[in-house]
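S.K.: Handing you a structure now.
Numbering (the working numbering), first residue to last: 561 to 780.
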């Protein structure tokens, strides 16, 4: 009987745990799988190639990868909606370059490998600190994701601060990238800094007039 080379059929991805489970054929349990040969495509047709450590196939038809933190934050930005397609409509795909199964020297398998995503979580803001001297707003969050490109993960103009007298101010500073899935910071431009410093006018959590400071984030 002719032994067909290893191939990939489909994948599932849990956005909460960062576990990618891949279904295929022609592998042997214990085969060394090289994640750096795997590329996921999602939102806007953008792609990301994994950097996570090598794993072994659990059977002739399956292997799983627990993504490292860098991979997870980038993949979660691409696979951004539960199901088989992204928020913008792009169908998810897992492409495998030559020798993705390093043991078998597997050929490339680039198309037709759909991915089903579950447990996508919306980003949330937990708290923030502001240094009135430097104009740096540091935000502690959860479930932040990275977007392809630079200085575009956080839309800063969606952020509004409330301070003295209940006055609100929406930022105009440049967009920024996240530092991790739980943190980002913004260096306010001079206009924003001048306005914010009049509102956040006392150290601590409330203004001189007693208004509790708040940071609100609008939807995209």
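All C-beta atoms, glycine included, are put in the ideal place defined by N, C-alpha and C. No experiment lies behind these values; they were computed from the predicted model shown.
Does residue 664 come out as helix, strand or coil in the three-state DSSP assignment?
M.R.: Three-state DSSP puts residue 664 in coil, outside helix and strand.
S.K.: Along the chain, which unbroken stretches of the beta strand (DSSP E) at least 3 residues long are found entirely within the stretch 665-704?
M.R.: If we require 3 residues or more, the beta strand (DSSP E) runs fully inside the stretch 665-704 come out as 675-678, 684-691, 696-702.
S.K.: Enumerated in chain order, which unbroken segments of the beta strand (DSSP E) with a length of 3 residues or greater are wholly contained in the stretch 578-631?
M.R.: List check, beta strand (DSSP E) in window: 579-585, 598-601, 607-609, 622-626.
S.K.: Label residue 647 either buried or exposed according to how many other C-beta atoms from any shown protein chain fall within 10 Å of its C-beta, with 16 as the threshold for buried.
M.R.: Burial call: exposed.
S.K.: Report the option in 630, 571, 695 whose CA atom is closest to the CA atom of residue 760.
M.R.: When each option's Cα is compared against that of residue 760, the closest is 695.
S.K.: Check for me: the beta strand (DSSP E) holding residue 713 runs from which residue to which?
M.R.: No beta strand (DSSP E) contains residue 713, which DSSP labels as neither H nor E.
S.K.: Quick one: Cα of residue 774 to Cα of residue 591, how far?
M.R.: Approximately 53 Å between the Cα atoms of the pair.
S.K.: For residue 578 versus residue 568, is the C-beta distance shorter than 8 Å?
M.R.: Against a cut-off of 8 Å, the Cβ pair of residue 568 and residue 578 comes out as no contact.
S.K.: Touch check for the stretch 721-733 and the stretch 634-646: three-plus C-beta pairs under 8 Å?
M.R.: The stretch 721-733, when compared against the stretch 634-646, does not touch it at the 8 Å Cβ threshold.
S.K.: Going by alpha carbons, who is nearest to residue 714 out of 726, 594, 668, 683?
M.R.: It is 683 whose Cα lies nearest to the Cα of residue 714.
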